[in-house]
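Chemist: Encoded as structure tokens, here's the structure I'll be asking about.
Numbering (the working numbering), first residue to last: 10 to 400.
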């Protein structure tokens, strides 16, 4: 970690001399900001509001995964998009052009937004239209570029909605991007290329093929889609069955036997989450029954959030439940989605907690391949043994 921080200092001194290193947003703040955008209620009966909602999601995902300046983002035209490589051509300071690359989540968000706009009905060639447009009443039926001021206003509103206490600006996502890329490469010069900064090496060429390939490969290293690796790993986990580190759950909201919503399923998952946190961590796979048969999440998506029957709605349902009932930070778990046997499943990857985690004042632990609620006397002994003199 010390070496990485020194590398960041060196990189910053190259660019800014003695100016202080920018304050990087913590991962949980970035996650909360994106969550606020994804959690805005859909407005299918109010087209302008719905387009603004989709645009804001795509805009934040684009800033997160590319490190673009706000000024570069609002100048992008549809003709700048490269569907083949999930990339875009942007024009930065000094009219220097470079390619930026989107991860799958950001690219999908952009495509969903553009598909909803019906640009073909505007009477202008698609390639001339901005990627990110205004959707206020004053634009009438025109498709006008979003302004940098609007981006900042949207960003500030979402930061307030997410109750982020630290100061964040759109540029904070650029700093976070630089940190992630530098961590993946250890090469400040590559970071400069990907951010469109002036290189300290005069002979470096931005637009040649080798540099473009290097930047694309670096982006895949830092943000790349590991879905095939994850799918293979998931299949292996399921094939081995439940154990002290793995538990299957058929659903979190929809009971396939009663064909009704069932809060006890959510409670059962929260008990399992707490049990793993209070032991050595582990993985909960939702969408798989106790016999190891993949049943999928289609009905559970609809039961969890009828207005947002997809991964985003389901993830927010789980995160809200964990936050409300367990009061734990997102750093203690990850929510991942993948497919097994052509059906979607959700993985909760859980880290061990440094303090006891209670569910409704009860302490659950992992005991072999099952969870167990401890009696008061046993809980006191376990806490002393596992955490020492924890409160």
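Where is the CB? At the ideal position from N, CA and C, for every residue including glycine.
Apart from the five residues on each side of it in sequence, which residues of its chain come closer than 7 angstroms, Cβ to Cβ, to residue 317?
Modeler: Translated into positions along the chain shown, residue 317 becomes position 308. Within the same chain, residue 317 has close Cβ partners 51.
Chemist: Spatial neighbours of residue 310 within its chain, please: CB distance less than 7 angstroms, with the 5 preceding and 5 following residues excluded, ordered by chain position.
Modeler: Here the question's residue 310 lines up with position 301 in the chain shown. Cβ neighbours of residue 310 beyond the five flanking positions: 318, 319, 322 and 323.
Chemist: Kindly indicate which residue of 373, 278, 371 and 127 has the alpha-carbon position closest to the one of residue 329.
Modeler: The count along the chain shown starts at 1 and reaches residue 329 at position 320. Looking at the Cα atoms, 278 is the closest of the given residues.
Chemist: Is it a yes or a no for the segment 94–107 touching the segment 144–157, going by three-plus beta-carbon pairs under 8 angstroms?
Modeler: Flag = no, the segment 94–107 and the segment 144–157 do not touch.
Chemist: Which parts of the segment 83–168 are runs of the beta strand (DSSP E), unbroken and 3 residues or longer, counting only runs that do not cross its ends?
Modeler: Those beta strand (DSSP E) runs which fall completely within the segment 83–168 and span 3+ residues are 96–100 and 106–110.
Chemist: Throw me the rounded Cβ distance for the residue 101 and residue 205 pair, which I believe falls under 8 angstroms.
Modeler: Within the chain shown, numbered from 1, the residue matching residue 101 stands at position 92. Within the chain shown, numbered from 1, the residue matching residue 205 stands at position 196. So it is a contact: roughly 4 angstroms between Cβ atoms.
Chemist: First and last residue of the beta strand (DSSP E) that includes residue 381?
Modeler: For the purposes of this step, residue 381 is taken as the residue at position 372 of the chain shown. Here the beta strand (DSSP E) through residue 381 covers 379–382.
Chemist: By the DSSP assignment, the beta strand (DSSP E) with residue 375 in it spans what residues?
Modeler: By one-based count along the chain shown, residue 375 stands at place 366. Taken as a continuous stretch (DSSP letters only), the beta strand (DSSP E) holding residue 375 covers 371–376.
Chemist: From this set, 38, 259, 291 and 135, which residue's C-alpha is nearest residue 352's C-alpha?
Modeler: Within the chain shown, the letter at position 343 stands for residue 352. Answer by Cα proximity: 259.
Chemist: Quick check: is the beta carbon of residue 246 nearer than 8 angstroms to any beta carbon in chain D?
Modeler: Here there is only one protein chain, and chain D is not present.
Chemist: Contact defined as beta carbons within less than 8 angstroms: I believe residue 83 pairs with residue 155. What is the distance between those atoms, to the nearest angstrom?
Modeler: Start at 1 with the first residue of the chain shown, and residue 83 comes out as number 74. Start at 1 with the first residue of the chain shown, and residue 155 comes out as number 146. Between residue 155 and residue 83 the Cβ distance is about 5 angstroms, and since that is below 8 angstroms, they are a contact.
Chemist: Please name the residue in 56, 176, 118 and 159 whose C-alpha comes closest to that of residue 150.
Modeler: Numbered from 1 along the chain shown, position 141 holds the residue referred to as residue 150. Cα-wise, what sits closest to residue 150 is 56.
Chemist: May I ask which residues mark the beginning and end of the alpha helix (DSSP H) holding residue 337?
Modeler: Locating residue 337 in the chain shown gives position 328, counting from the first residue. Per DSSP, residue 337 belongs to no alpha helix (DSSP H) and is neither H nor E.
Chemist: Just to confirm the assignment, what range does the beta strand (DSSP E) spanning residue 393 have?
Modeler: Against the chain shown, residue 393 aligns to sequence position 384. Looking at the DSSP string, residue 393 is not in any beta strand (DSSP E); the run it does join, the alpha helix (DSSP H), is 385–396.
Chemist: For residue 279, report the span of its alpha helix (DSSP H) as first-last.
Modeler: For the purposes of this step, residue 279 is identified with residue 270 of the chain shown, where counting begins at 1. 272–286 is the span of the alpha helix (DSSP H), which, as asked, contains residue 279.
Chemist: If we ignore side chains and look at the alpha-carbon of each, how far apart do residue 376 and residue 255 end up?
Modeler: Start at 1 with the first residue of the chain shown, and residue 376 comes out as number 367. Start at 1 with the first residue of the chain shown, and residue 255 comes out as number 246. If you take the alpha carbons of residue 376 and residue 255, they lie about 12 angstroms apart.
Chemist: Does the contact criterion of 3 or more C-beta pairs under 8 angstroms hold for the segment 378–392 versus the segment 339–346?
Modeler: Not touching, per the Cβ criterion.
Chemist: Between residue 70 and residue 115, is the Cβ-Cβ spacing less than 8 angstroms?
Modeler: Position 61 of the chain shown, counted from the start, is the residue given in the question as residue 70. Position 106 of the chain shown, counted from the start, is the residue given in the question as residue 115. Yes, Cβ-Cβ distance for residue 70 and residue 115 is below 8 angstroms.
Chemist: Is residue 190 helix, strand or coil by DSSP?
Modeler: Along the chain shown, one-based indexing puts residue 190 at 181. Helix at residue 190.
Chemist: How should residue 67 be labelled, buried or exposed, when 16 other C-beta atoms within 10 angstroms of its C-beta is the threshold for buried?
Modeler: Position 58 of the chain shown, counted from the first residue, corresponds to residue 67. By the 10 Å Cβ count, residue 67 comes out buried.
Chemist: Contact check, residue 63 vs residue 136 under 8 angstroms by CB: the rounded distance?
Modeler: As a first step, residue 63 must be located in the chain shown, where it is residue number 54. As a first step, residue 136 must be located in the chain shown, where it is residue number 127. Actually they do not touch by this definition, with Cβ atoms about 21 angstroms apart.
Chemist: With 16 other CB atoms within 10 Å as the buried threshold, where does residue 190 fall?
Modeler: By one-based count along the chain shown, residue 190 stands at place 181. Classification of residue 190: buried, given that the 10 Å Cβ count is 16 or more.
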